[in-house]
Amino acid sequence: MLLSMKANHETASTPMKSVRRLAKEYRPKKYQLNLSLYPDEMNFAGTVKIEGHLEDARSDITLHSKDLKIVSVSINGKDAKFKLDPGNDQLIVLSNKLLNAGSQLVEIKFSGTITDPMNGIYPCRFNYQGQAQKLLGTQFESHHAREAFPCIDEPAAKAVFELTLNTPAGETVVANTPIKSQSTKDKRQVTEFEPTPIMSSYLLAFVVGNVKYLEAKTKRGTLVRTYATPDNYKFTQFSLDMAVKTLEFFEDYFKIPYPLAKCDFVALPDFAAGAMENWGCITFREADLLVDPENTSLPQKERVAVVVAHELAHQWFGNLVTMDWWSDLWLNEGFASWIEYLAVDHEFPEWNMWAQFVTEDLIRGQSLDALANTHPVEVEIPHPDEIRNIFDAISYSKGASVIRMLHAYLGPKDFQRGLQTYLNRYKYANASTDDLWATLEEVSKKPVSEFMSAWTKQAGFPVVHASRRSDTIDLKQERFFFSTRERKSMQDKTLWPVAINATDRADNFTLTKAHDRWKIGDTNAVKLNRDQTGFYMVRYDESWLDELSAGIKAGSLSEIDRLGLLSEAFTLAKAGYLPTVSALNLLGSFTQESSLPVWEIILGQLGSVRRVMEDDKLRELIKPYVGELVAKQHDRLGWKESDSDSHQDKILRPIMLGQASFAQNPDVVKECLARFDKMKQPSDENPDIRPVVYGTAAREGDSKTYDKLFEFYTKSDSAQEKGILTGALTGFKQPELVKRALDTIRTDEVRLQDVLYWTGGLFANRHGKKQAWDWMTDNWDWIEEKFGNDIMMMTGFPLQSARAFTSEADAKRYEKFFSKVNKGGLDRPIKQGLETILWQSDWKKRDAAAINQFFSNWKPKDSQ
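Just so you know, we're using our numbering here: the sequence shown kicks off at 124 and counts up by one.
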């Protein structure tokens, strides 16, 4: 599953109850599931026959069942009694005699309710030809299959599923496998599907409703279809092409054919995550599958390619071979989050994917792992209710980063051969992290388990302090913390095997102790952690940093090394390892920069300075600095695309224009406002330029501007366009317009899946964040009603709000509110949020005066 928005000492959390592993008692082999769906009545009924193996003789069989009405139960064809344990989502089937170990057949008749929360079986609403329509979709990961039918709802309980759906006649029906037979009688349609491969319950999926498709075939003949609502299916051509090419790429890379006859992709109008890898029936948020030439920006097109590759990687790594329990979730998500870049880079080498990996995943993973309230990559999950807490940047981005580090450590050939061996050895079964390490170690003959265990079993990561003594580098490692308070109180002595490499050197050095020395010879301007392959940071001494700064000016550092060095300098400054002014001085070396990923780091770090320092005077001082910083690239790129533009230039152009607008460049502001005035509809403007035009109009505009933007929003059928417009509608400074945006959230204009985009935009708006806080606290009961069963959505509220505030008074208010409303599932994100507010407060108190002085002393070149 891919998140839509891209932890903790375990002893610090409220202890979770341990769950009983039902698959150890009764292991299903085959399900015969018959479901009758009634979308208008919002309910369903069904029967399920479960052929399974009872491990030991006993007089009961326990299954998972949640919010289902059980009508009748039988064992081996004989009626049986049952009881429900709602607290544990369990249905206990009672036999009137002892059941022998071995094969046992359980048959259950049941019914249930289709509800709005986007898990289990749920409705997706949309309009077509002026009529309100509804289609049904499913989301069973992580443990929501039990809301649709009684089952053993655990990853290790892999079985064959034979699905039959009884639905309204005329509806399109899609599931994991091809249709075996279909018939219609009395306005009802019965669709029987081919048996699935052996798979986990969370991978079962179906979609019922008015959808259409495009189709193609791979070289091996796999049928690929991309489904969407009737107005949108024509926008799936790019994702269809990408799917075919990526399936072929993975078949070649893994040397294992895709094992199903077909692979369907379905864009759902309502979807909580980004996408879900259901085997053969992959479901997506519309914005992550559709590419509309008139409304899709290039970054969003890249996102679609990445999401398609991510979900297809899961067809092997997650579906074919599945984690044994949720503690190894990272095996699925971390691996897919790494190899998605490999696949997209293969198809689009000009997209510069590996530089994007550093900006999108490595830095994201380190940002969360720098908190004391993080968690290890391999994390104990005693109860499935806690699973949603680890669908985070540790499982995804840190997981991907340590896989990338291992790929560099083993080399591409041994890594690929090891994966092929692993997938063949465990196909149609379950495996653990240790199984993967053992296989890669067997193939590569390198100590993989010893090297990797420290990175996956320990929370956090190291900062390496590097200084030089003639031809020797002194190296000291310690755990990196954003919070100086946590660093002092915890006195963490964790050590990692840190693979130290350097630019322009072939040899490596592994730092395993707290302090060691590496004899390296000539060390002039050498940068450690070449290409940012290691999951660690380097704190250079001042003279060394000055030499690296000179190397940037001379053009001797690669793109990834430049962005890595700058990102680390600012991150170290935020945590008090380096004065922020030192990072700003390093930034002065980037005057000739033309790389898109490097610019994303430059502007992101300057943005964090503005946000955390919360000083309007400083904000005004920074504007001319930014204006001069971007002037060269702004002048080079201008407003119009040219034939000489690279892919990266096309994305960089609106970024430069946006920064020039922020800096109050009068020509840019005037042009943005003129373009907005001329717009009658969104398609009147280039989709890459729209965010700049909308954003400037919102910053400079009034209620009439808001009205026009909101009209665009309500009339648009494009999820991607609505996302761009949400950013603008939440960016006004007037309190009454902030209130209008907040008041919109609970209306039918905003889908539940998009609520966090609205609240996130308002918390990021310095003029709106206090009103956003008041709205969130006043509407918490509504938030819990709509999202209480979806921890992934719920975690967004404490994390978004925390990032917006930067004082100890804010921290006290935050802690008071969330301690009152937290029911246990939000322990970790609340602690992460509180820690974030406090480290931001400490950074501001420590460096605000020096930062103000830096920008006060800065003079533009033409005045020097």
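Here a beta-carbon is modelled for each residue, glycine too, at the ideal position from N, C-alpha and C.
Since the model is a prediction, treat every value here as computed from it, not as a measurement.
Exposed unless 16 or more other CB atoms sit within 10 angstroms - verdict on residue i
| i | result |
| --- | --- |
| His-638 | exposed |
| Leu-852 | buried |
| Thr-137 | Since pLDDT at Thr-137 reaches only 41, below the 50 mark, its modelled position is unreliable, and the value read off the structure follows with that caveat. By the neighbour-count rule (16 or more Cβ atoms within 10 Å), Thr-137 is not buried but exposed. |
| Leu-217 | exposed |
| Pro-416 | exposed |
| Gly-534 | exposed |
| Gly-225 | exposed |
| Ile-974 | buried |
| Gln-876 | buried |
| Gln-804 | exposed |
| Leu-701 | buried |
| Ser-942 | exposed |
| Pro-392 | buried |
| Ala-130 | Because the pLDDT at Ala-130 is just 33, under 50, the model does not fix this residue reliably, and the value given afterwards should be weighed accordingly. So Ala-130 ends up on the buried side. |
| Ala-255 | exposed |
| His-267 | buried |
| Pro-209 | exposed |
| Ala-677 | exposed |
| Gly-488 | buried |
Closest by C-alpha distance to residue i, when choosing among the options
| i | options | result |
| --- | --- | --- |
| Leu-346 | Glu-931, Tyr-381 and Ala-820 | Tyr-381 |
| Ala-673 | Arg-653, Gln-655 and Gly-711 | Gly-711 |
| Lys-827 | Thr-703, Leu-391 and Gln-857 | Gln-857 |
| Glu-174 | Pro-162, Pro-151, Ile-184 and Phe-167 | Pro-151 |
| Pro-499 | His-506, Leu-465, Gln-581 and Asn-455 | Gln-581 |
| Ala-282 | Met-915, Tyr-551 and Val-753 | Tyr-551 |
| Leu-288 | Lys-967, Glu-317 and Leu-922 | Glu-317 |
| Val-414 | Ile-215, Ser-767 and Ala-390 | Ala-390 |
| Val-704 | Phe-941, Phe-713 and Ala-692 | Ala-692 |
| Ala-971 | Val-816, Lys-740 and Ser-572 | Lys-740 |
| Asp-276 | Asp-901, Ser-767 and Leu-186 | Leu-186 |
| His-757 | Ser-717, Arg-348 and Glu-178 | Ser-717 |
| Lys-636 | Val-791, Lys-599, Thr-882 and Ile-960 | Lys-599 |
| Trp-402 | Lys-385, Val-861 and Trp-881 | Lys-385 |
| Ala-589 | Thr-562, Glu-573, Ala-577 and Val-621 | Val-621 |
| Asp-508 | Glu-958, Pro-952 and Val-142 | Val-142 |
| Ser-450 | Ala-523, Gly-678, Asp-179 and Thr-579 | Thr-579 |
| Ile-510 | Ser-265, Phe-272, Leu-559 and Gln-543 | Ser-265 |
| Lys-862 | Tyr-880, Leu-885, Val-481 and Thr-562 | Leu-885 |
Beta-carbon spacing of residue i, residue j below 8 Å
| i | j | result |
| --- | --- | --- |
| Gly-457 | Ile-513 | no |
| Gly-948 | Met-917 | yes |
| Ala-279 | Trp-448 | yes |
| Ala-696 | Pro-747 | no |
| Ile-184 | Tyr-149 | yes |
| Ser-606 | Asp-965 | yes |
| Phe-411 | Ala-398 | Residue identity check: residue 411 is Asp in the sequence provided, not Phe. Closer than 8 Å, so yes. |
| Ala-993 | Leu-651 | Outside the shown range of the chain, which is 124 to 987, sits residue 993, and nothing can be said about it. |
| Ile-379 | Leu-259 | no |
| Asp-537 | Val-566 | yes |
| Phe-233 | Gly-169 | yes |
| Leu-286 | Phe-329 | yes |
| Gln-80 | Gln-843 | Lying before the first or after the last residue shown, residue 80 is absent from the chain, which here runs from 124 to 987. |
| Asp-811 | Arg-776 | yes |
| Leu-363 | Thr-352 | no |
| Phe-388 | Leu-327 | no |
| His-433 | Ser-460 | yes |
| Leu-158 | Phe-167 | yes |
| Pro-720 | Thr-341 | no |
| Phe-471 | Ala-428 | yes |
Expected contact under 8 Å - CB spacing of residue i and residue j to nearest Å
| i | j | result |
| --- | --- | --- |
| Thr-996 | Ala-466 | The structure shown does not extend to residue 996, since the chain spans only 124 to 987, so no value can be given for it. |
| Arg-798 | Glu-808 | 6 Å |
| Val-331 | Thr-359 | About 19 Å separates the two Cβ atoms, so there is no contact after all. |
| Pro-585 | Phe-603 | 6 Å |
| Leu-435 | Met-446 | That pair is no contact at about 18 Å. |
heavy atom of the ligand MN below 7 Å from residue i C-beta
| i | result |
| --- | --- |
| Ser-679 | In the structure on display, the ligand MN does not appear, and there are no ligands present to speak of. |
Check your understanding: Can you find at least 3 beta carbon pairs, one from the stretch 551-562 and one from the stretch 483-495, that sit closer than 8 Å?
Key -> As far as the Cβ criterion goes, the stretch 551-562 does not touch the stretch 483-495, which means the pair count is below three.
**Study point:** Stretch pair the stretch 240-258 + the stretch 199-210: three plus CB contacts closer than 8 Å
**Key:** No: the two stretches stay apart, fewer than three of their Cβ pairs being nearer than 8 Å.
Practice item. Could you tell me whether the stretch 332-344 touches the stretch 292-299, where touching means 3 or more Cβ pairs closer than 8 Å? Key: They touch, by the three-pair rule.
Review point. Is it true that the stretch 670-690 meets the stretch 469-486, where meeting means three or more beta-carbon pairs spaced less than 8 Å apart?
Key: As far as the Cβ criterion goes, the stretch 670-690 touches the stretch 469-486, which means the pair count is three or higher.
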